[in-house]
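Participant: Numbering (the working numbering), first residue to last: 10 to 599.
Okay, here's the thing in structure tokens:
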């Protein structure tokens, strides 16, 4: 019922417009690169106005690997996009249920799952923003906390059959890191804090003689899993961090409209429906909602009142009860409240000092992205209702009523503003449209030396070299790219035109500088007759290759830089460790 209430719009044959309608082009570009044999995929050959750009080196690739798989096995582009949205809902539903069940039992699992899955902020990401990557990041969050609880609570014992609790945590972390780096930046520190406090609380429950061993063992497991997740995702993380200066990324996504100072929330926005399909702006009158949900707010209020009553009763029973004992006895709820309050604070202007002090936070752009964490911790706090209420009947009564209120107060948000009669204006596989229209929408990762206002899109889908009358350039003739007209002073035969490889055979009457339809970026290497040669860069940022008179094979190949090579090796090393651990567990289980 919860899944249908949040997903019914995706089961229609038509589709709708969202703010980020670039998903179709991303899937097409990912699919094309994989078919070309480019892996791990870093370069997009058609975005960047047909000259290419390193889209997937910087934009977390996991959802688009999955989308490309659906596209490859025969799903339409629209259906592939729908499946990515549906997966985000199904997985977050299962993960939040598992999380709630591990803390409060099956009834608590249903309550937590309803609160997370039907959070209005998820509806914003689904039907207003269309933020697939952020949705995939959010879907990993409950599983991360669940993995921490299972690692510590099970003390390393097997769950889900022979598979281990650490495996749940590892996979969840990998999904987060490879799906949305901004949600990773927000949630990883919070999850580490949650894990540390949860480990301390569970350690206190152990017998005195076992406490040290219990703490050290589980600390090492948690630390090792987080480290292994970073190692295995290094092929993406390290180049994304270390090579971003070679693109226009900071110019495109930091400052101006994307200045975080313009997008702090006001407390009242948590409590105002204000349901619209527009964008974020300065002040409390955004054209998009940041409402926490009627059912969720009501349930949280009940949870807080029950907690206050519980504390009051404990104090009245024992006047000697100390603050430390109260904190220890209610440590998980207080931890949840703290993480909830901190996450909510980070959406408000009161946290500006923190934002100003941590420069990397500027890449988050919108402080309200912290609502990803808010909805998870809010839902855990709601789940405590089951624990605070005594008696099965009252637990089922309160939980059942609250679940119904959450469903019926929020389902109306989980629909688009309108459905499109024709989706081809926004979601398409047409290469010419990707090179022209979509490149204007998504210029973020164009190499830094390029001025986008001067770019003329490559006209032909399969263009490698283009020609016009040769012009003088420092005494060397240049052949201009792009098939801007059909006049050529030389003959050339296209041999290879893949995402990461270009090769042509040319016969030249004189020394010539060939200009490829590729924007220069670290990793592109030029070869003439199989020998690496130095390359130049045109005024428009494209790659120039000097070629002597005669018949030659001239090509480009997108190779690994030192950073990428080391990053790939680190990921392989992490994968070897992972497989070794699996083998060790399998051997010992047998």
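Positions of the beta carbon are idealized from the N, C-alpha and C atoms, including for glycine.
Values in this document were obtained by computation on a predicted structure and should not be read as measured data.
1. Give me the Cβ distance between residue 94 and residue 158, rounded to the nearest whole Å; I'm assuming they're in contact under 8 Å.
2. Can you grab the Cα-Cα spacing for the pair residue 550 / residue 73, in whole Å?
3. One question on the structure: do residue 135 and residue 97 come within less than 9 Å of each other, judged by their Cβ atoms?
4. What did DSSP end up calling residue 17 once you bin it into helix, strand or coil?
5. Does the structure place the segment 15-31 close enough to the segment 412-425 that three or more beta carbon pairs sit under 8 Å?
6. What's the gap between the Cα of residue 207 and the Cα of residue 315?
7. Could you tell me the distance, in whole angstroms, from the CA atom of residue 224 to the CA atom of residue 209?
8. Within 10 Å of its beta-carbon, does residue 83 have 16 or more other beta-carbons around it, so buried, or fewer, so exposed?
9. Output the distance between the C-alpha atoms of residue 523 and residue 376, rounded to the nearest integer angstrom.
10. With a threshold of 16 other CB atoms inside 10 Å of the CB of residue 367, please say whether the residue is buried or exposed.
11. Less than 8 Å between C-beta atoms, sequence neighbours within five positions excluded: which residues of the same chain meet that for residue 527?
12. Is the beta carbon of residue 337 less than 9 Å from the beta carbon of residue 213?
13. Just the Cα atoms here: how many angstroms apart are residue 125 and residue 222?
14. When the Cα atoms are used, what is the spatial distance from residue 42 to residue 68?
15. Looking at residue 161 and residue 389, is the spacing between their C-beta atoms short of 9 Å?
16. I'd like the list of long-range same chain contacts for residue 181, defined as Cβ closer than 6 Å, with 5 residues on each side in sequence excluded.
17. Quick test of your reading: residue 645 and residue 576, contact by CB under 8 Å. State the CB separation rounded to the nearest angstrom.
18. Starting from residue 526, follow the beta strand (DSSP E) in both directions and report where the run begins and ends.
19. Sort out for me which residues DSSP pairs residue 506 with in a bridge.
20. Determine the burial state of residue 105: buried for a count of at least 16 other Cβ atoms within 10 Å of its Cβ, exposed for fewer.
21. Using the Cβ count rule (16 or more neighbours within 10 Å means buried), how would you classify residue 173?
22. Does residue 535 come out as helix, strand or coil in the three-state DSSP assignment?
23. Would you say the segment 274-292 touches the segment 353-360, given that touching needs at least three Cβ pairs under 8 Å?
24. How long is the line joining the alpha carbons of residue 57 and residue 39, rounded to whole angstroms?
25. Going straight from the alpha carbon of residue 488 to that of residue 501, what length do you get?
26. Could you check whether residue 508 and residue 30 sit closer than 9 Å to each other, using their CB atoms as the reference points?
27. Please name the residue in 289, 281 and 311 whose C-alpha comes closest to that of residue 301.
28. Counting only runs of 4+ residues fully inside the segment 195-283, write out the alpha helix (DSSP H) ranges in chain order.
29. Once the 5 residues before and after residue 386 are set aside, which same chain residues still bring their CB inside 7 Å of it?
30. For residue 169, collect the residues of the same chain with a Cβ closer than 6 Å to its Cβ; drop the 5 residues on either side in sequence, then sort them by chain order.
31. If you drop the 5 nearest sequence neighbours on each side, which residues of the same chain put their C-beta closer than 7 Å to that of residue 138?
32. Helix, strand or coil for residue 516? Go by DSSP, reduced to three states.
33. Going along the chain, which residues of its own chain have a beta-carbon closer than 7 Å to the beta-carbon of residue 395, five neighbours each way excluded?
34. Whose C-beta lies closer than 7 Å to the C-beta of residue 186 among residues of the same chain, with five residues either side of it excluded?
35. Which same chain residues, not among the five before or five after residue 531, have their C-beta less than 7 Å away from its C-beta?
36. The beta strand (DSSP E) with residue 562 in it runs from where to where?
Facilitator: Put simply:
1. Wrong, their Cβ atoms sit about 28 Å apart, outside the cutoff.
2. 28 Å
3. yes
4. helix
5. yes
6. 22 Å
7. 7 Å
8. exposed
9. 47 Å
10. exposed
11. 60, 61, 511, 533, 551, 552 and 565
12. yes
13. 35 Å
14. 15 Å
15. no
16. 149, 152, 153 and 156
17. Shown here, the chain extends from 10 to 599; a query on residue 645 therefore has no answer.
18. 521-528
19. 511
20. buried
21. buried
22. strand
23. yes
24. 14 Å
25. Because residue 488 carries a pLDDT of 46, less than 50, the predicted location of this residue cannot be relied on, and the following value inherits that uncertainty. Distance between the alpha carbons of residue 488 and residue 501 is about 11 Å.
26. no
27. 281
28. 220-241, 243-251 and 258-262
29. 345, 348, 349 and 352
30. Low confidence applies to residue 169: its pLDDT is 40, below 50, so where it sits in the model is not reliable enough to give any reading.
31. 27, 28 and 29
32. strand
33. 113, 114, 116, 117, 120, 404 and 408
34. 193, 238, 242 and 246
35. 252, 255 and 570
36. 559-567
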